[in-house]
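Chains A and B supply the protein sequences, listed in that same order.
Heads up: the first sequence is residues 187 to 631, going by my numbering.
Heads up: the second sequence is residues 280 to 433, going by my numbering.
Beta carbons: idealized from backbone N, C-alpha and C, even for Gly.
For reference, the structure is listed below as structure tokens.
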Amino acid sequence: MSELPATLPLLETLLASIDQAWLAGFAHLTPDARQALARFGLCFTGKSALPAALHEIEQGKYQPAQFLQLAAARAALQGAQVELLDNAVGQQLARPASPVMTNSVSVLPPSSPLLSAVALWLTDIAIKGFQRAEAADLDLIESTTQQLRTEPELAPLTSLLTGWVAEMGRLVPATAGASLPLRRWVDIWCHLLLLTVALPADQVDRPVSGKLHLLGLEQRSHEQFYSLLFHGLLLGDSTAQWVKITLSAAKVNAIPPEEAALLLPDALPLFQALQKQKSLQIEQMPLRASGDLLWQPQGASNGASFKLAKLIADYLVPAAPQPFALPSGLPANAHPLHWRQPVGFTNFSVADGWLTAGSHRFRLDERRSVDTELAPANMAAAELVVGLLRYEDGALLLQPILATSKQGSVIFSGSSKTLPILLKPPKNTTVSMLQERASRLLRMS
Amino acid sequence: MSTFLLPKRESANSEKRDVKKVPFVELQGGRLQGVVSSGSDIKRVYVSYIEARSLQYYCSTNNNRPCGGLRGSPCKHLQTLVQEAVAQFGLPAVINFLQPPQKEVDSPYGLLQQATGVVKDPAGIVFARFLAYLQQVEQPPLNRPLPEMDWFVP
């Protein structure tokens, strides 16, 4: 299973070759960085606008339009990586190819001053370079982010921008010898710039009904956003589909991680279904072509208990007898970070951070599970596991998202810390105190 | 080490934040600033700040009445605010932000000992930021996909 196309690391090298330009700043390019950009441009010929944009940057024309070409070119290469992963891993797991989605974005009005402000700020940061960035540069975007927070439809941009700015605030100015997370920052910078001109469009939703079997959870958070991502298998009359449910909320930095789920009361039935291994009966709930189920608690009722081992054996083990649909995400979000392939195992062993199941062997994703209920050390005692194959630096990793112990208890991210707080919130939580203050102060006459 | 994700971040500080006493504290625009509860009325708060580098400070009510505790040294509201900033961000981050002349301090008290004097500024800007901060916890949750949050693994 560790065999991946040789093109993947080549694309990694190509992407990394131009990152130094963002580190040093486009106004301070070294000869090596200039050469790397020129070589990068040669990969895009024909109708691509990149070579012309790079030439203009070389001439000192630093406008968002030129940098957008660069961001789009990087995104195209990362989209190619995702396609390679889908094909290679799908074949090795003996799964049918995922339906390929067409690119669907909504082009935002160019006159949107908020988005133009973000694009200009990003351009300024790129010109100056990450290694010269300082706290004063971050202050310049503060008033814009305050206004962005009041626009829910811009949540993709706002959540990424506020998280990145907070992160930069901890790491800049870069001290001598300290390394910045360059690849991460360039990828985030590119995606942000693309979001200023086009947001992934709201696709047409179709209502679906069926039995939803929740099979795992990921928690994501930073200082100003908290987001839950549930994974599950939706079984209809004659179809099976892997679906995701996202619930997110704006937060403030004073709210501790274990309390953040109190901002999402609609998540409680999902947590409970996950813990009790009971299906949820879904009626006419909107489903997007990307496999995202838009959770509406009123459209769900409690279903029956299900046998996790049978579900894993039927659908999730390599070469499973039953197929299921696994839609690819929107092309605008095609990035190896977002790539996932669900798998499950009923017969496996875990040792030294690796899971072995028959001829398959996966390194466990330690970063995503460290300090959680699914940390590698806890997996040795697991009897069943559902996980997501992830891609990182040329290799596949297995991120467990659900496990059962030999005693039958169900373990998932938040099973021992978040769920108890949701079930029985303490009397005075940070969330309740801030909400009370908000209700008094924001409605003062 | 991940190329996409940051390493797991250690908790900035083991102290628990007291949001009842200090609902809002931030390191922003060259100031450690925030809001301290008055203790008597939930609608009345003290707006306090201490400037980076100069370590000048001020404290007033949200309707700009000077704090009576400012008598040649930082008042109890400022002391509480700095304590909570340390609980929120950790002492090293607060020292790094404030840039005091003496960086070898091991407590919020050590920082406040270096405060230099009063610099008056209306409370309005900080108070408005506090209200915007409170609006965050009143925003309705979203049920749409948000793949951008994949970048932020706690």
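Check: Unbroken beta strand (DSSP E) run spanning B:TYR412, endpoints; Outcome: Careful: B:TYR412 lies outside any beta strand (DSSP E), inside the alpha helix (DSSP H) at 403-415.
Check: Short CB-CB distance (under 8 Å) between B:THR282 and chain A; Outcome: yes
Check: Residue-level contact to chain A via CB, B:ASN422, 8 Å cutoff; Outcome: yes
Check: Status (buried if at least 16 other CB within 10 Å, exposed otherwise) for B:ARG415; Outcome: The residue you asked about is not Arg; residue 415 of chain B is Gln in the sequence shown. Counting Cβ neighbours within 10 Å, B:GLN415 comes out buried, since at least 16 surround it.
Check: Environment of A:LYS613 [buried if 16+ CB atoms lie within 10 Å]; Outcome: exposed
Check: Residue closest to B:CYS354, alpha-carbon to alpha-carbon, out of B:ALA372, B:GLY396, B:ARG323 and B:ALA364; Outcome: B:GLY396
Check: 8 Å Cβ shell around A:LEU584 - same chain, five flanking residues per side excluded; Outcome: VAL529, LEU541, PHE548, ARG549, LEU550, ASP551, GLY573, LEU574, LEU575 and ARG576
Check: CB of A:LEU228 within 8 Å of CB of A:LEU256, strictly; Outcome: no
Check: Between the CA atoms of A:TYR412 and A:ALA446 - distance to the nearest angstrom; Outcome: 7 Å
Check: Per-residue burial, A:ARG526 [other beta carbons within 10 Å of its own, 16 or more giving buried]; Outcome: buried
Check: Backbone secondary structure at A:HIS241 - three-state DSSP; Outcome: helix
Check: Reduced DSSP secondary structure (H/G/I, E/B, other) of B:GLU294; Outcome: coil
Check: B:MET280 - DSSP class collapsed to helix/strand/coil; Outcome: coil
Check: Where A:ASP205 falls: helix, strand or coil (DSSP); Outcome: helix
Check: Enclosing beta strand (DSSP E) for A:SER413 [first to last residue]; Outcome: 411-421
Check: Beta-carbon spacing of A:ASP310, B:GLY308 below 8 Å; Outcome: no
Check: Burial state of A:LEU183, where buried means 16 or more other Cβ atoms lie within 10 Å; Outcome: Given a span of 187 to 631 for chain A in the structure shown, any question on residue 183 of chain A remains unanswerable.
Check: Bridge partner(s) assigned by DSSP for A:PHE548; Outcome: A:LEU541
Check: Neighbouring residues, chain A, relative to B:LYS299 (Cβ below 8 Å); Outcome: ASN614 and MET619
Check: Positions along the region 346-380 of chain B whose CB lies within less than 8 Å of some CB in chain A; Outcome: GLN367, ALA372 and PHE376
Check: Within 8 Å, strictly: CB atoms of B:LEU334 and B:PRO379; Outcome: yes
Check: B:CYS338 in three-state terms, based on DSSP; Outcome: strand
Check: Where A:THR604 falls: helix, strand or coil (DSSP); Outcome: helix
Check: Residue-chain proximity (B:VAL315, chain A), Cβ-Cβ < 8 Å; Outcome: no
Check: A:ARG370 at chain B interface by Cβ criterion, 8 Å; Outcome: yes
Check: Three-state class that DSSP yields for A:ARG356 in the structure shown; Outcome: helix
Check: Buried/exposed call for A:LEU401, threshold 16 Cβ in 10 Å; Outcome: buried
Check: 6 Å CB neighbourhood of A:ALA259 in its chain, flanking five on each side removed; Outcome: PHE230 and LEU236
Check: Boundaries (first-last residue) of the beta strand (DSSP E) holding B:VAL432; Outcome: From DSSP, B:VAL432 is part of no beta strand (DSSP E); its letter is neither H nor E.
Check: Straight-line Cα distance separating A:HIS546 from A:GLY355; Outcome: 42 Å
Check: Contacts of A:VAL556 in chain B (Cβ-Cβ under 7 Å); Outcome: LYS287
Check: Where A:SER345 sits in the DSSP three-state scheme; Outcome: helix
Check: Outcome for A:ASN289 when other beta-carbon atoms lying within 10 angstroms are tallied against a minimum of 16; Outcome: The predicted model places A:ASN289 with a pLDDT of 48, which falls under 50 and marks its position as unreliable, so this point remains unresolved.
Check: Classification of A:MET565 by the beta-carbon crowding that lies within 10 angstroms, buried from 16 upward; Outcome: buried
Check: Continuous beta strand (DSSP E) stretch holding A:ARG406: start and end; Outcome: 392-408
Check: Chain A within 8 Å of B:VAL326, Cβ atoms only; Outcome: no
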